[in-house]
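Student:
Residue numbers (our numbering), protein chains in the order written: chain A, 1 to 187; chain B, 1001 to 1187.
1. What residue range is occupied by the uninterrupted beta strand (DSSP E) comprising residue 1026 of chain B?
2. Any contact between the region 1045-1062 of chain B and the region 1075-1095 of chain B? By contact I mean 3 or more CB pairs, one from each, below 8 Å.
3. Alpha carbon to alpha carbon, how far is residue 1062 of chain B from residue 1183 of chain B? Give it in angstroms, no decimals.
4. Per DSSP, residue 60 of chain A forms a beta bridge with which residues?
5. Go ahead and label residue 88 of chain A buried or exposed: buried means 16 or more other beta carbons lie within 10 angstroms of its beta carbon, across all protein chains shown.
6. Helix, strand or coil for residue 1117 of chain B? Go by DSSP, reduced to three states.
7. Under 8 Å, with one C-beta from each stretch per pair, do the region 19-35 of chain A and the region 1094-1104 of chain B reach the 3-pair mark?
8. Please say whether residue 80 of chain A and residue 108 of chain A have beta carbons closer to each other than 8 Å?
9. For the beta strand (DSSP E) containing residue 1130 of chain B, name the first residue and the last one.
10. Determine the contact status of residue 41 of chain A and residue 31 of chain A, defining contact as a CB-CB distance below 8 Å.
11. Thinking C-beta only, is residue 1039 of chain B closer than 8 Å to residue 73 of chain A?
12. Any Cβ of chain A within less than 8 Å of the Cβ of residue 1056 of chain B?
13. Under the three-state reduction of DSSP, which class applies to residue 139 of chain A: helix, strand or coil?
14. Among A/170, A/33 and A/145, which residue has its Cα nearest to the Cα of residue 1034 of chain B?
15. Just mark residue 170 of chain A as buried or exposed, buried being the case when its beta carbon has 16 or more other beta carbons within 10 Å.
16. From what residue to what residue does the beta strand (DSSP E) around residue 1166 of chain B run?
17. Can you give me the Cβ contacts of residue 1180 of chain B inside the same chain, cut-off strictly under 7 Å, excluding the 5 residues immediately before and after it?
18. Quick check: is the beta carbon of residue 1159 of chain B nearer than 8 Å to any beta carbon in chain A?
19. Check distances from the C-beta atoms of the region 1128-1143 of chain B to those of chain A and list, in chain order, the residues that come in under 9 Å.
20. Since residue 97 of chain A is in the alpha helix (DSSP H), which residue starts that stretch and which ends it?
21. Alpha carbon to alpha carbon, what distance is there between residue 1121 of chain B and residue 1178 of chain B?
22. Please classify residue 1119 of chain B as buried or exposed, where buried requires at least 16 neighbouring CB atoms within 10 angstroms.
23. What are the boundary residues of the beta strand (DSSP E) that includes residue 1054 of chain B?
24. If you reduce the DSSP assignment to three classes, tell me which class residue 80 of chain A lands in.
25. Which residues in chain B sit within 7 Å of residue 175 of chain A, going by Cβ to Cβ distance?
26. Straight-line CA distance for residue 1078 of chain B to residue 1051 of chain B?
27. Would you call the CB atoms of residue 139 of chain A and residue 165 of chain A closer than 8 Å?
28. List the residues of chain B that residue 118 of chain A touches, going by C-beta distances under 7 Å, in chain order.
Okay, structure coming up:
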């Protein structure tokens, strides 16, 4: 993604410290930036993630009200998950959408990549539009610690919820919603 | 921001480990989630940030091509910065816009708050629209390690750059651009 001339690796001179969390690690490294400046910088090393904007055959949107301990609140988010080892983004989200919503999708469109927090994380999130949904008879089990409620809303209901300021979306969800609308409205 | 019924603190039972980076810290804590599940979770404790979408009197957008070591590339980003101690988001971005672009703004509109990475960071970014810009005679010095090029583009030039896939925006910039367009186009 993007022109290669804008890609430039920094030189890692020394690992200062590292902590391992469940799905990613945090490292502080002594780094030389491309402009020659040297310093100690901390960042999350993340395997990447994938997200789906699920649209039902009736044109409704499936979105989750999900607890996030880091921000001490429930957020509205599209189904998404961290890539597991050896998993492609599309296969990952095909698994996650079933675990988190109880639906599977037949038609998948690519909505590009998103960089959520380039100041301190290398995570890239792969965004997809998921259509021709059907409900599963048996819902596969996801992560035990997930605290998720599935909402099925018309686009107008979702717009009203957002405009009311009552509920908060995260950046990946807001960006994916805008990109999905551009595709859906251009057809 | 948001209805209080969606706010719920987790209980931190024990600090497992902590690393201090320049502008934030990373902690792994033993936590009890609101649904009773207990586990060890890592996250960044961040002071928050502020961002401006600067629009010139000719209707052009000021955007930065900025190096980000964490993703090993240059990204297009609106001017933004981490809040310093005791600083309001608006005062912070009034300082940052001058340091990063060499412009100051007279009219500021609030574009709401953004949660960039709720899976592993408590950061909230305060978004603003900055108008009635004027060029500074003396540009204040910012962070020494910043590697920034200032671009002044028409909305069409920016749209074409994004559509070309040549350059990559981060999530805060894409979200802020969409919110700014909603305000500018509704007038």
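The beta-carbon is built from N, C-alpha and C at its ideal position, and this holds for glycine as well.
Tutor: Let me spell this out:
1. On the second chain, residue 1026 of chain B is found 26 positions in, with the first residue counted as 1. Start and end: 1025-1032.
2. yes
3. Locating residue 1183 of chain B in the second chain gives position 183, where the first residue counts as 1. Locating residue 1062 of chain B in the second chain gives position 62, where the first residue counts as 1. Rounded to whole angstroms, residue 1183 of chain B to residue 1062 of chain B spans 17 Å at the Cα level.
4. Against the first chain, residue 60 of chain A aligns to sequence position 60. Looking at the DSSP assignment, residue 60 of chain A forms no beta bridge with any residue, so it has no partner.
5. Taking the first chain and counting its residues from 1, the one referred to as residue 88 of chain A is at position 88. That one is exposed.
6. Position 117 of the second chain, counted from the first residue, corresponds to residue 1117 of chain B. In this structure, residue 1117 of chain B counts as coil in the three-state DSSP scheme.
7. no
8. Along the first chain, read from residue 1 onward, the residue named residue 108 of chain A stands at position 108. Along the first chain, read from residue 1 onward, the residue named residue 80 of chain A stands at position 80. Cβ atoms of residue 108 of chain A and residue 80 of chain A: not closer than 8 Å.
9. The residue given as residue 1130 of chain B occupies position 130 in the second chain. Start and end: 1125-1135.
10. Counting from 1 along the first chain, the entry for residue 41 of chain A is found at position 41. Counting from 1 along the first chain, the entry for residue 31 of chain A is found at position 31. Contact flag set, yes.
11. Here residue 73 of chain A corresponds to residue number 73 of the first chain, with the count starting at 1. Here residue 1039 of chain B corresponds to residue number 39 of the second chain, with the count starting at 1. No, the Cβ-Cβ distance between residue 73 of chain A and residue 1039 of chain B is not below 8 Å.
12. Translated into the one-based positions of the second chain, residue 1056 of chain B becomes position 56. False, the Cβ-Cβ gap to chain A never drops below 8 Å.
13. For the purposes of this step, residue 139 of chain A is identified with residue 139 of the first chain, where counting begins at 1. Looking at residue 139 of chain A - three-state DSSP - the assignment turns out to be coil, as it is neither helix nor strand.
14. Locating residue 1034 of chain B in the second chain gives position 34, counting from the first residue. It is A/145.
15. Residue 170 of chain A sits at position 170 when you count from the first residue of the first chain. Residue 170 of chain A is buried by the Cβ-count criterion.
16. On the second chain, position 166 is the one that residue 1166 of chain B refers to. That residue, residue 1166 of chain B, is in no beta strand (DSSP E); it is neither H nor E in DSSP.
17. Residue numbering aside, residue 1180 of chain B sits at position 180 when the second chain is read from its first letter. Once the five neighbours on either side are set aside, the close Cβ partners of residue 1180 of chain B are 1053, 1111 and 1129.
18. In the second chain, counting from the first residue as 1, residue 1159 of chain B sits at position 159. Chain A contact via Cβ: absent.
19. none
20. On the first chain, residue 97 of chain A is found 97 positions in, with the first residue counted as 1. From DSSP, the alpha helix (DSSP H) with residue 97 of chain A extends over 89-101.
21. Here residue 1178 of chain B is taken as the residue at index 178 of the second chain, counted from 1. Here residue 1121 of chain B is taken as the residue at index 121 of the second chain, counted from 1. In a straight line, the C-alpha of residue 1178 of chain B is about 23 Å away from that of residue 1121 of chain B.
22. Your numbering for residue 1119 of chain B matches position 119 in the second chain. Buried: at least 16 other Cβ atoms inside 10 Å.
23. Within the second chain, numbered from 1, the residue matching residue 1054 of chain B stands at position 54. It spans 1049-1054 - the beta strand (DSSP E) in which residue 1054 of chain B sits, taken as one unbroken run.
24. Position 80 of the first chain holds residue 80 of chain A. Here residue 80 of chain A sits in strand by DSSP.
25. The residue labelled residue 175 of chain A in the question sits at position 175 within the first chain. Those within 7 Å of residue 175 of chain A in chain B are 1171, 1174 and 1175.
26. Walking along the second chain from the start, residue 1078 of chain B turns up at place 78. Walking along the second chain from the start, residue 1051 of chain B turns up at place 51. Taking the straight line from one Cα to the other gives about 7 Å.
27. As a first step, residue 139 of chain A is located in the first chain; it is residue number 139 there, counting from the start. As a first step, residue 165 of chain A is located in the first chain; it is residue number 165 there, counting from the start. No.
28. Walking along the first chain from the start, residue 118 of chain A turns up at place 118. In chain order: 1068, 1070, 1071, 1075 and 1170.
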